[in-house]
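Visitor: Got a structure for you, questions after.
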Ligand SMILES: CCC(=O)SCCNC(=O)CCNC(=O)[C@H](O)C(C)(C)COP(=O)(O)OP(=O)(O)OC[C@H]1O[C@@H](n2cnc3c(N)ncnc32)[C@H](O)[C@@H]1OP(=O)(O)O
Ligand SMILES: O=CC(=O)O
Ligand SMILES: [Mg+2]
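In our numbering, the protein residues as written are 366 to 717.
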């Protein structure tokens, strides 16, 4: 047997560590906003970011130069103390360096020991298989016990290697700490040997061409989404495990239209949120990952038409039954969560 027994799965991994969570906390996580914590000027904006983003993340991994890793770690710990994260209802996460790097051990030990009470989630990059989660799980449990933490820290894996992709279901199920998984299109592209130099989004050469026209006129063609399979598979793995799927980075900061479309595709396929790399992407993510008022109103009409969630009804010529009731519930529940945080959208959802 290669799996723990059900009883042992939910036992703390170190004496004195907090009990693992049996259910994930219900939180609005439309965007995980990336902050480079070694930059004083950007770090100074963290209290403001905490009022705008659902989650603020101190990034210690890629995009932080090797000679700034120590400063980034110090900055991340300072970020933990800059805001009353739990009081504000904003998530505080950190992306640590990979397990095989010279920085992982100190990243995790300092974060848990010095900012463990504030830290909701550790994002683990380049996860290859469940063994990476098991190692980090045990290590964090020891640190939680040492720090006397009462609330367990959760894990979020980035799907950015071919092996991680092949084992995504096992990663999603590896520990009760697992909160979710994000797509890492930049590293995944490199690991898969995709011939691209982009961070997410489409590619002008990845297209489908119409059949030839009899008159020899120019054939229409359209770009396709190279991330469709990966996102859909990640969503299935996450939802099977009862955790959340997220898109990841969109690197063309200036192309807000393509960013919005990439985010929207991920939202429609089941993702809960995305990353924002630049303040302008926070607004895009907010727009996309909050359901549209028209959709919410229609969803609520479905719920009203079948109060106990069974039977059949017709709305505007469309058949509704138990399955569309369940879809409507997903949208309506998300709208309730958004409304708690966003009075403008709450008003729009309630308007006739
Ligand atoms: C690819 C795979 C991955 O791993 S993605 C994750 C790793 N990458 C990151 O975390 C990148 C995070 N973002 C950044 O570092 C910056 O946004 C980059 C992309 C470098 C662009 O910065 P910059 O050229 O300064 O942009 P800008 O002049 O348009 O900035 C306008 C004002 O906004 C600020 N800003 C910028 N980014 C952030 C951020 N992430 N959080 C908070 N503030 C940010 C800038 O400092 C600038 O402020 P000001 O107007 O000068 O006061
Ligand atoms: O870390 C993210 C990626 O796209 O790589
Ligand atoms: Mg990466």
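Glycine is no exception: its CB is placed at the ideal position from the N, C-alpha and C atoms.
Can you look up residue 609 in the DSSP assignment and give me helix, strand or coil?
Guide: Numbered from its first residue, the chain shown carries residue 609 at position 244. Residue 609 falls in the strand class under three-state DSSP.
Visitor: Buried or exposed: which applies to residue 493, given that a residue is buried once 16 or more other Cβ atoms fall within 10 Å of its Cβ?
Guide: Residue numbering aside, residue 493 sits at position 128 when the chain shown is read from its first letter. Buried, since its Cβ has 16 or more Cβ neighbours within 10 Å.
Visitor: Should residue 497 be counted as a contact of ligand 3 given a C-beta to heavy atom distance under 7 Å?
Guide: For this step, residue 497 is matched to residue 132 along the chain shown. No, Cβ of residue 497 sits at least 7 Å from all heavy atoms of ligand 3.
Visitor: State the DSSP-derived secondary structure class of residue 618, mapped to helix, strand or coil.
Guide: For this step, residue 618 is matched to residue 253 along the chain shown. Three-state DSSP puts residue 618 in coil, outside helix and strand.
Visitor: Does the distance from the CB of residue 512 to the CB of residue 478 come in under 8 Å?
Guide: To locate residue 512, count along the chain shown from 1; it is residue 147. To locate residue 478, count along the chain shown from 1; it is residue 113. Closer than 8 Å, so yes.
Visitor: Mind listing, in chain order, the continuous beta strand (DSSP E) runs of no fewer than 3 residues lying wholly within the segment 433-496?
Guide: Taking only runs of at least 3 residues, the beta strand (DSSP E) segments lying wholly in the segment 433-496 are 456-460, 486-489.
Visitor: So, for residue 591: in the same chain, excluding its five sequence neighbours on each side, which residues have a beta-carbon less than 7 Å away from its beta-carbon?
Guide: By one-based count along the chain shown, residue 591 stands at place 226. Excluding sequence neighbours, residue 591 sits near 567, 568, 571.
Visitor: Assign residue 533 to one of three DSSP states: helix, strand, or coil.
Guide: For this step, residue 533 is matched to residue 168 along the chain shown. Looking at residue 533 - three-state DSSP - the assignment turns out to be helix.
Visitor: If you follow the alpha helix (DSSP H) that residue 690 is part of, which residue opens it and which one closes it?
Guide: Locating residue 690 in the chain shown gives position 325, counting from the first residue. Its alpha helix (DSSP H) spans residues 687-706.
Visitor: With a threshold of 8 Å, are at least 3 pairs of Cβ atoms found where one atom belongs to the segment 694-704 and the other to the segment 663-672?
Guide: Contact between the segment 694-704 and the segment 663-672 is present, because at least three Cβ pairs lie under 8 Å.
Visitor: Going by beta carbon distance, what residues of the same chain come within less than 8 Å of residue 518, once the five residues before and after it are set aside?
Guide: Translated into positions along the chain shown, residue 518 becomes position 153. Answer for residue 518: 477, 481, 484, 485, 486, 487, 505, 509, 542, listed in chain order.
Visitor: Rounded to whole angstroms, how far is the Cβ of residue 574 from the Cβ of residue 586, which I believe are closer than 8 Å?
Guide: Position 209 of the chain shown, counted from the start, is the residue given in the question as residue 574. Position 221 of the chain shown, counted from the start, is the residue given in the question as residue 586. That belief holds up - the Cβ atoms of residue 574 and residue 586 are roughly 4 Å apart, short of 8 Å.
Visitor: Using the three-state DSSP reduction, which class does residue 599 fall into: helix, strand or coil?
Guide: Working through the chain shown from its first residue, we reach residue 599 at position 234. Looking at residue 599 - three-state DSSP - the assignment turns out to be helix.
Visitor: Is the distance from the Cβ of residue 670 to the Cβ of residue 680 below 8 Å?
Guide: Within the chain shown, residue 670 is the residue found at index 305, counting from 1. Within the chain shown, residue 680 is the residue found at index 315, counting from 1. Yes; because the gap between Cβ atoms is below 8 Å, this pair is in contact.
Visitor: For the segment 439-456 and the segment 399-409, state whether three or more C-beta atom pairs, one from each stretch, are separated by less than 8 Å.
Guide: Touching, per the Cβ criterion.
Visitor: I'd like to check one pair, residue 677 with residue 685: are the Cβ atoms closer than 8 Å?
Guide: What you label residue 685 is simply residue 320 of the chain shown in a count that begins at 1. What you label residue 677 is simply residue 312 of the chain shown in a count that begins at 1. Yes; because the gap between Cβ atoms is below 8 Å, this pair is in contact.
Visitor: Give the DSSP-derived three-state secondary structure of residue 403 in the structure shown.
Guide: Your numbering for residue 403 matches position 38 in the chain shown. Residue state, collapsed to three classes: coil.
Visitor: Using CA atoms only, rank isn't needed, just tell me which of 578, 647, 709 is closest to residue 657.
Guide: Numbered from its first residue, the chain shown carries residue 657 at position 292. If we check each option's Cα against that of residue 657, 709 comes out closest.
Visitor: Check whether the Cβ atoms of residue 461 and residue 489 lie closer than 8 Å to each other.
Guide: The residue given as residue 461 occupies position 96 in the chain shown. The residue given as residue 489 occupies position 124 in the chain shown. Yes, the pair counts as a contact, with Cβ atoms nearer than the cut-off.
Visitor: Given 8 Å as the limit, is there contact between the segment 383-400 and the segment 418-432, that is, 3 or more CB pairs closer than that?
Guide: Yes, the segment 383-400 touches the segment 418-432.
Visitor: Taking a cut-off of 7 Å, which residues have a beta-carbon closer than that to any heavy atom of ligand 1, in chain order?
Guide: Output, sorted by chain position: 398, 399, 400, 401, 406, 407, 410, 414, 424, 426, 427, 428, 549, 551, 552, 564, 614, 616, 618, 640, 642, 643, 644.
Visitor: Whole-angstrom Cβ separation of residue 550 and residue 533, contact assumed at under 8 Å?
Guide: Translated into the one-based positions of the chain shown, residue 550 becomes position 185. Translated into the one-based positions of the chain shown, residue 533 becomes position 168. Residue 550 to residue 533, Cβ: 14 Å. No contact.
Visitor: Please report the residue range of the alpha helix (DSSP H) in which residue 555 lies.
Guide: By one-based count along the chain shown, residue 555 stands at place 190. Here the alpha helix (DSSP H) through residue 555 covers 550-557.
Visitor: Going by C-alpha distance, which of 622, 371, 390, 528 is nearest residue 554?
Guide: Counted from its first residue, the chain shown places residue 554 at position 189. The option with the nearest alpha carbon to residue 554 is 528.
Visitor: According to the neighbour-count rule (16 or more other Cβ atoms, all chains shown, within 10 Å of its Cβ), is residue 633 buried or exposed?
Guide: Here residue 633 refers to the residue found at position 268 when the chain shown is read from its first residue. The residue in question, residue 633, is exposed, as its Cβ has fewer than 16 Cβ neighbours within 10 Å.
Visitor: If distances are taken between C-alpha atoms only, which option among 409, 470, 472, 463 comes closest to residue 448?
Guide: If you number the chain shown from 1, residue 448 lands on position 83. Nearest of 409, 470, 472, 463 to residue 448, Cα basis: 409.
Visitor: On the criterion of 16 or more Cβ atoms from any shown chain inside 10 Å, does residue 500 qualify as buried, or is it exposed?
Guide: Start at 1 with the first residue of the chain shown, and residue 500 comes out as number 135. Exposed, since its Cβ has fewer than 16 Cβ neighbours within 10 Å.
Visitor: Who are the near neighbours of residue 437 in its chain, counting only those whose CB is closer than 6 Å to its CB and skipping five residues on each side?
Guide: By one-based count along the chain shown, residue 437 stands at place 72. For residue 437, where only same-chain residues beyond five positions count, the Cβ hits under 6 Å are 402, 403, 425, 429.
Visitor: Going by DSSP, what residues sit across from residue 572 in a beta bridge?
Guide: Locating residue 572 in the chain shown gives position 207, where the first residue counts as 1. Answer is 588, bridged to residue 572.
Visitor: So the candidates are 617, 607, 629; which of them puts its Cα closest to the Cα of residue 593?
Guide: On the chain shown, position 228 is the one that residue 593 refers to. Out of 617, 607, 629, 629 has the C-alpha closest to the C-alpha of residue 593.
Visitor: So the candidates are 655, 502, 393; which of them puts its Cα closest to the Cα of residue 470?
Guide: Counted from its first residue, the chain shown places residue 470 at position 105. Out of 655, 502, 393, 502 has the C-alpha closest to the C-alpha of residue 470.
Visitor: Do residue 651 and residue 387 have their C-beta atoms closer together than 8 Å?
Guide: Mapped onto the chain shown, residue 651 falls at position 286. Mapped onto the chain shown, residue 387 falls at position 22. No.
Visitor: Just checking residue 493 against ligand 3 - is the residue's beta carbon closer than 7 Å to any of the ligand's heavy atoms?
Guide: If you number the chain shown from 1, residue 493 lands on position 128. Because no heavy atom of ligand 3 lies under 7 Å away, the Cβ of residue 493 does not count as near it: no.
Visitor: Between which residues of its own chain and residue 547 is the CB-CB distance below 6 Å, once the five residues before and five after are set aside?
Guide: Reading the chain shown from its first residue, position 182 is the one you call residue 547. These residues qualify, in order along the chain: 523, 611, 613.
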